[in-house]
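FYI, in my numbering the residues of the sequence shown are 451 to 622.
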Amino acid sequence: MKYKSQKVAYWFFALSMLLFGLQIVYGFIMGFAHAGMDGLHSFIPFNTARAVHTNLLVVWLLSGFMGAAYYIIPEEAQRELVSVKLAYVQLISLALVGVTAIVGYHFNYWEGRKFLEIPRPLDYLVVVNVLLFLGLILTTLFKGKRRTTTALVLSMGLLFAVLTIFTRYASF
Numbered sequence: 451m452k453y454k455s456q457k458v459a460y461w462f463f464a465l466s467m468l469l470f471g472l473q474i475v476y477g478f479i480m481g482f483a484h485a486g487m488d489g490l491h492s493f494i495p496f497n498t499a500r501a502v503h504t505n506l507l508v509v510w511l512l513s514g515f516m517g518a519a520y521y522i523i524p525e526e527a528q529r530e531l532v533s534v535k536l537a538y539v540q541l542i543s544l545a546l547v548g549v550t551a552i553v554g555y556h557f558n559y560w561e562g563r564k565f566l567e568i569p570r571p572l573d574y575l576v577v578v579n580v581l582l583f584l585g586l587i588l589t590t591l592f593k594g595k596r597r598t599t600t601a602l603v604l605s606m607g608l609l610f611a612v613l614t615i616f617t618r619y620a621s622f
């Protein structure tokens with residue numbers, strides 16, 4: 451790694467792999483339940499397993515996407531991230547939102563919207579998290595030593611991805 455701030459990407463990838471592994475576990479729980487071996491039904495009902503499984507996908511994809519951006523952006527901008535501490539705060543808040551949602555599903559704390567079971571307060575935290583991510587990335591690119599077409603395309607892609615995420619989580 452050329453820049454020290456790229457180390458933050460490792461933790462985003464580690465979170466992604468942890469959540470991906472957990473998604474696979476919940477997939478097996480649902481698969482065994484579908485095959486008639488539903489020994490965990492009293493602890494993990496099928497609807498809870500499905501909600502956890504589908505929402506883990508969203509969180510680990512977000513985490514991996516953010517980690518990739520945190521790895522690439524310093525190279526493109528030829529400078530360290532504007533604030534590595536804020537990137538770690540963002541990582542921790544994303545992980546806390548995911549853990550709160552998963553634990554909440556097991557205690558029937560959800561809204562029941564299809565593929566949007568996460569409770570509304572957590573929706574807003576995800577939106578704030580993604581906006582913080584966008585701010586860190588765009589500020590790093592703006593303060594960078596060089597402006598490249600790759601950085602421009604990447605920043606526009608991030609902006610539109612954030613808008614997509616915002617519409618997914620902040621739908622009223």
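Built from N, CA and C at the ideal position, the CB exists for glycine as well.
Taking the straight line between their C-alpha atoms, what separation do you get for residue i and residue j?
i: residue 577; j: residue 557; result: 24 Å
i: residue 602; j: residue 460; result: 24 Å
i: residue 466; j: residue 596; result: 30 Å
i: residue 485; j: residue 606; result: 45 Å
i: residue 474; j: residue 598; result: 39 Å
Is residue j closer than 8 Å to residue i when the C-beta atoms are compared?
i: residue 531; j: residue 604; result: no
i: residue 609; j: residue 591; result: no
i: residue 552; j: residue 502; result: yes
i: residue 572; j: residue 534; result: no
i: residue 499; j: residue 479; result: yes
i: residue 579; j: residue 543; result: yes
i: residue 520; j: residue 458; result: yes
Using the three-state DSSP reduction, which class does residue i fall into: helix, strand or coil?
i: residue 563; result: strand
i: residue 526; result: helix
i: residue 428; result: Nothing can be reported for residue 428, as the shown portion of the chain is limited to 451 through 622.
i: residue 547; result: helix
Please report the residue range of the alpha helix (DSSP H) in which residue i lies.
i: residue 571; result: 570-592
*What runs of the alpha helix (DSSP H), each 4 residues or longer, lie entirely inside the stretch 452-508?*
457-484
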